[in-house]
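**Student:** Mapping the first sequence onto this note's numbering, position 539 (from 1) lands on 644, and the numbers just tick up by one.
From the three backbone atoms N, C-alpha and C, an ideal C-beta is built for every residue, glycine too.
Small disclaimer: the values here were computed from a predicted structure and weren't measured.
The structure follows.
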Amino acid sequence: MAETKQEKYEESMLYKRRHSAAHIMAQAVLEKFPTAKIAIGPAIEDGYYYDFDLPRPLTPEDLDGIEKRMREIIKSGVTFERKVLSADDAKKIFHDQPYKIELIEGLEKGTLDENGNPVEEKPVISTYSQGIFTDLCRGPHVDSSKDINPEAVKLMSVAGAYWRGDEKRPMLQRIYGTVWNSPKELEDYLWRLEEAKKRDHRKLGKELGLFHFSDDVGPGLPLFTPKGEMLRYLMEKYVRDLQTKYGYEHVWTGHLVKEDLYKKSGHYDNYKDSMFPPMVDENIVFRMKPMNCPSHMSLFKEMGLHSYRELPMRFAEFATLYRYEKTGELSGLTRVRSLTQDDCHVFCTPEQIGDEFTLALKLIREVLDTYHFTDYRVRLSLRGKTGKFVKDDEKWNLAETALRSSMDAAGLEYFEAEGEAAFYGPKADFIARDVLGREWQLSTIQVDFIQPGRLGLSYIGEDGLEHTPVLLHRAVTGSTERFLGVLIEHYAGAFPVWLSPIQAVLIPIADRHLEYAAEVAAKLKEKGIRVNVDERSERMNAKIRDAQNQKIPYMLVVGDKEMENGQVALRMRSGENPGAIDLETFIQQALSDIEKKN
RNA sequence: GCCACCAUAGCUCAGUUGGCAGAGCGACCGCUUCGUAAGUGGUAGGUCCAGGGUUCGACCCCCUGUGGUGGCUCCA
């Protein structure tokens with residue numbers, strides 16, 4: 106296979122255009138607010154941003170003005186000139202720009218680059234100037250602003266952003282903008298955003314009548330309609346059956362747990378802020394269950410003394426958990442306060458890690474495949490040098506090695522992310538790309554050498570001695586709520602037949618066909634097909650339109666001809682119109698589509 | 001939690017220098033019985049998110065709160 110040479114984004118003309126546009130925007134903002142303090146302004150995926158400390162909040166009108174001024178600057182043809190200089194000279198230039206001074210000090214120490222990211226080598230300090238505006242910058246940039254098409258530039262939004270991403274530091278105003286190589290590309294990008302909006306699961310969830318939120322119930326607590334619950338049921342049943350087939354066993358561990366257990370497991374220290382407040386009953390303090398691991402481990406313990414012959418033991422559970430997410434973090438179904446995890450904990454010996462990982466991997470691959478997620482990558486999250494990570498080098502090394510070799514053995518490509526691990530061990534996350542190219546973290550497998558010891562778990566080994574089992578945490582779809590949100594957007598609401606809450610709708614042409622429609626519906630129901638009869642006194646066209654908008658896979662029109670011949674006139678939601686077929690033929694086709702999970 | 005913006009009928013939205021609240025779709029009740037994406041007439045439907053303030057008068061202006069959106073931070 107021929108190797109295609111792919112240009113790195115950071116070296117591309119598009120990147121230069123975006124980065125240069127960020128500088129031009131900063132110039133326009135400084136012209137408007139001469140006392141503004143400028144922070145950082147990198148190019149990012151699909152555009153760029155720049156952070157400012159401004160005397161007042163920006164309005165949408167400000168953005169229009171800044172965008173207009175940017176076009177003028179671009180058209181005027183300013184050139185970008187690079188200059189290398191010493192830290193002291195740089196400090197002189199930016200003497201009234203405290204954020205730049207802080208960045209220069211980072212560069213001086215050789216630990217951070219001009220965007221505040223850690224670097225290996227001590228960087229050269231350089232500035233880029235266009236016209237009267239000079240910025241601390243490594244580049245690269247376009248030679249002249251004439252390399253940017255003024256009609257391919259657009260400011261997108263204003264947002265708050267903490268300086269250096271640290272919530273204890275000042276909140277700056279971030280302007281997001283986008284630049285493309287041509288106005289056509291910009292138009293395509295805006296079109297993609299529109300398409301994404303049409304697929305937004307919050308919008309589709311309402312239109313298709315799948316779920317709601319209620320102020321009376323509370324934020325982040327979704328309520329599912331009969332259709333929405335059907336989806337949940339089907340999704341969970343599918344994974345449950347598959348897990349059973351793969352040798353996982355299901356357990357149930359309730360919703361409340363004594364707070365003390367989380368102190369023992371170590372979760373309390375790390376996550377008490379994201380647990381719902383305690384429920385106090387005389388001398389006992391309870392918490393809503395925010396994770397299953399301690400419960401599953403307690404169950405393992407209560408089931409008595411275990412022999413190595415019993416391992417691996419695989420406890421799976423569809424458990425509804427409650428997490429006290431900050432209100433600003435809640436978002437539709439993808440970030441909620443009550444979530445149903447398809448969780449599993451595998452208790453095994455160190456030697457079994459590889460096999461268990463492979464098993465989990467096989468299961469995950471099959472599930473992602475069924476849901477038409479074919480494009481995904483794996484992130485291996487490792488501990489960082491500082492932070493929440495439990496201190497035990499030997500065990501971390503053992504865990505990291507086990508995970509790496511398991512993934513290598515599985516022939517799986519992965520990339521590593523330092524500092525992203527859970528506090529108890531490294532993890533492998535599956536990040537899938539949906540049809541719009543957006544990435545979602547779905548499945549996860551985590552090795553845990555820490556918690557079983559903390560909770561005093563043990564098994565008797567071949568040597569007759571007590572050993573601490575290794576714990577594997579594993580989730581396939583993550584949570585039912587989040588996965589459903591992603592699925593709605595992935596399918597744009599047109600679920601495959603096996604998942605569709607309503608699989609077929611019968612459309613009688615006139616009232617005299619109602620009886621036949623009901624007969625057909627009864628026969629379909631008998632075969633387990635989820636079917637509705639549209640009995641309204643509407644024209645067939647209106648019924649078809651409504652069924653299309655509800656994205657129902659099969660529309661079955663019945664009139665005089667069909668009634669006479671025991672047929673149904675099939676129309677697919679794709680617009681495909683096979684016409685009149687025998688009822689039995691349709692049933693066979695539908696059952697086959699459902700069976701194949703197409 | 002922080003920054004900005006938003007909240008009007010079931011849904012999508014309009015509205016007024018501060019002077020009796022509007023449309024389309026949907027719902028309901030009729031008429032229509034129709035062959036592959038909206039037949040037709042009528043009726044009902046509102047604490048203009050909540051609480052306070054300014055005012056002769058507040059859906060509109062101010063404050064506080066609640067909820068949502070876009071980000072930031074966080075995500076066992």
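Could you spell out the range, first to last residue, of the alpha helix (DSSP H) harbouring His128?
**Tutor:** For the purposes of this step, residue 128 is taken as the residue at position 23 of the first sequence. Per DSSP, His128 belongs to the alpha helix (DSSP H) from Met118 to Lys137.
**Student:** Just confirm the distance between the C-beta atoms of Pro574 and Leu416, as a whole number of angstroms; I'd bet it's less than 8 Å.
**Tutor:** Here the question's residue 574 lines up with position 469 in the first sequence. Here the question's residue 416 lines up with position 311 in the first sequence. The pair is a contact, with the Cβ atoms about 7 Å apart (cut-off 8 Å).
**Student:** Suppose you measure from the CA of Leu168 to the CA of Trp285; what does that come to, to the nearest Å?
**Tutor:** Walking along the first sequence from the start, residue 168 turns up at place 63. Walking along the first sequence from the start, residue 285 turns up at place 180. Taking the straight line joining both Cα atoms gives about 18 Å.
**Student:** Note the first and the last residue of the continuous beta strand (DSSP E) segment covering Trp388.
**Tutor:** Mapped onto the first sequence, residue 388 falls at position 283. The amino acid at residue 388 is misidentified as Trp; the sequence shows Asn. It is not in any beta strand (DSSP E) - Asn388 carries neither H nor E in the DSSP assignment.
**Student:** Kindly confirm or deny that the region 490-500 and the region 523-541 touch, where touching means at least three C-beta pairs closer than 8 Å.
**Tutor:** With a cut-off of 8 Å, the region 523-541 and the region 490-500 count as touching, because enough Cβ pairs lie within range.
**Student:** Measuring straight from C-alpha to C-alpha, what distance separates Lys500 and Phe554?
**Tutor:** Taking the first sequence and counting its residues from 1, one reaches residue 500 at position 395. Taking the first sequence and counting its residues from 1, one reaches residue 554 at position 449. Their Cα atoms are separated by approximately 6 Å.
**Student:** Helix, strand or coil for Pro455? Go by DSSP, reduced to three states.
**Tutor:** Here residue 455 corresponds to residue number 350 of the first sequence, with the count starting at 1. In the structure shown, Pro455 sits in a helix (DSSP, three-state: H, G or I).
**Student:** Going by DSSP in three states, Leu163 sits in which element: helix, strand or coil?
**Tutor:** Stepping through the first sequence from its first residue, residue 163 is reached at position 58. It is coil, neither helix nor strand.
**Student:** Please classify Tyr114 as buried or exposed, where buried requires at least 16 neighbouring CB atoms within 10 angstroms.
**Tutor:** Along the first sequence, read from residue 1 onward, the residue named residue 114 stands at position 9. Label assigned to Tyr114: exposed.
**Student:** Determine the burial state of Gly707: buried for a count of at least 16 other Cβ atoms within 10 Å of its Cβ, exposed for fewer.
**Tutor:** This structure leaves residue 707 out entirely; the chain is present only between 106 and 703.
**Student:** Take Lys406 as the anchor and find which of Trp357, Leu562 and Leu361 has the nearest alpha-carbon.
**Tutor:** As a working mapping, residue 406 is identified with position 301 in the first sequence. It is Leu562 whose Cα lies nearest to the Cα of Lys406.
**Student:** Please name the residue, chosen from Glu681, Thr349 and Glu640, that lies closest to Glu620 on a Cα-to-Cα basis.
**Tutor:** Mapped onto the first sequence, residue 620 falls at position 515. Checking every option, the nearest Cα to that of Glu620 belongs to Glu640.
**Student:** Just the Cα atoms here: how many angstroms apart are Val385 and Tyr267?
**Tutor:** The residue given as residue 385 occupies position 280 in the first sequence. The residue given as residue 267 occupies position 162 in the first sequence. Using only the alpha carbons, I get a separation of about 37 Å.
**Student:** Tell me the residue span of the beta strand (DSSP E) that contains Gln546.
**Tutor:** For the purposes of this step, residue 546 is taken as the residue at position 441 of the first sequence. Counting along the chain, the beta strand (DSSP E) containing Gln546 begins and ends at Glu544 to Asp553.
**Student:** Could you check the C-alpha separation between Val685 and Gln672 for me, to the nearest Å?
**Tutor:** Along the first sequence, read from residue 1 onward, the residue named residue 685 stands at position 580. Along the first sequence, read from residue 1 onward, the residue named residue 672 stands at position 567. With the sequence shown as reference, residue 685 is identified as Ala, and Val is not the correct amino acid for it. Computed Cα separation, rounded: 6 Å.
**Student:** Return yes when the Cβ of Arg559 is within less than 8 Å of the Cβ of Lys701, no when it is not.
**Tutor:** Taking the first residue of the first sequence as 1, we reach residue 701 at position 596. Taking the first residue of the first sequence as 1, we reach residue 559 at position 454. Not a contact, by the Cβ cut-off of 8 Å.
**Student:** Please classify Asp156 as buried or exposed, where buried requires at least 16 neighbouring CB atoms within 10 angstroms.
**Tutor:** Sequence index remark: in the first sequence, residue 156 carries index 51 (1-based). Buried, by the Cβ-count rule.
**Student:** From this set, Glu207, Leu159, Cys453 and Ala126, which residue's C-alpha is nearest Gly244's C-alpha?
**Tutor:** As a first step, residue 244 must be located in the first sequence, where it is residue number 139. It is Ala126 whose Cα lies nearest to the Cα of Gly244.
**Student:** Straight-line CA distance for Arg543 to Leu435?
**Tutor:** Here residue 543 refers to the residue found at position 438 when the first sequence is read from its first residue. Here residue 435 refers to the residue found at position 330 when the first sequence is read from its first residue. If I take the Cα positions, the gap works out to 19 Å.
**Student:** Taking Leu163 and Val263 to be in contact with their CB atoms under 8 Å, please state how far apart those CB atoms are, rounded to whole angstroms.
**Tutor:** Numbered from 1 along the first sequence, position 58 holds the residue referred to as residue 163. Numbered from 1 along the first sequence, position 158 holds the residue referred to as residue 263. The Cβ separation is near 5 Å, so the contact holds.
**Student:** Please go through the same chain and pick out, in chain order, the residues whose beta-carbon is closer than 7 Å to the beta-carbon of Asp248, but skip the five residues on each side of it.
**Tutor:** One-based indexing of the first sequence puts residue 248 at position 143. Here the set comprises Thr184 and Phe185.
**Student:** Please work out which residues of its chain come closer than 6 Å, Cβ to Cβ, to Met408, disregarding the five sequence neighbours upstream and downstream, and give them in chain order.
**Tutor:** Reading the first sequence from its first residue, position 303 is the one you call residue 408. Within the same chain, Met408 has no close Cβ partners at all.
**Student:** Report, in whole angstroms, the separation of the C-beta atoms of Ala623 and Val636, which I expect to be a contact under 8 Å.
**Tutor:** Locating residue 623 in the first sequence gives position 518, where the first residue counts as 1. Locating residue 636 in the first sequence gives position 531, where the first residue counts as 1. The Cβ separation is near 10 Å, so there is no contact.
**Student:** Which residues does DSSP pair with Gly684 in a beta bridge?
**Tutor:** Here residue 684 refers to the residue found at position 579 when the first sequence is read from its first residue. According to DSSP, which records beta bridges pairwise, Gly684 is partnered with Leu675.
**Student:** What number of angstroms, rounded off, separates the C-alpha of Glu518 from the C-alpha of Asn502?
**Tutor:** Translated into positions along the first sequence, residue 518 becomes position 413. Translated into positions along the first sequence, residue 502 becomes position 397. Distance between the alpha carbons of Glu518 and Asn502 is about 20 Å.
**Student:** Does the beta-carbon of Asp498 have 16 or more other beta-carbons within 10 angstroms, so that it is buried, or is it exposed?
**Tutor:** Numbered from its first residue, the first sequence carries residue 498 at position 393. Classification of Asp498: exposed, given that the 10 Å Cβ count is below 16.
**Student:** Give the secondary structure of Gln348 by DSSP, where H, G and I count as helix, E and B as strand, and everything else as coil.
**Tutor:** As a working note, residue 348 is residue 243 in the first sequence. In the structure shown, Gln348 sits in a helix (DSSP, three-state: H, G or I).
**Student:** In angstroms, rounded to a whole number, what distance separates the CA positions of Leu592 and Leu212?
**Tutor:** Along the first sequence, one-based indexing puts residue 592 at 487. Along the first sequence, one-based indexing puts residue 212 at 107. Looking at the two C-alpha atoms, the distance is approximately 45 Å.
**Student:** Who pairs with Met418 in a beta bridge, going by DSSP?
**Tutor:** In the first sequence, the residue the question calls residue 418 occupies position 313. The partner list for Met418 (beta bridge, DSSP) reads Phe452.
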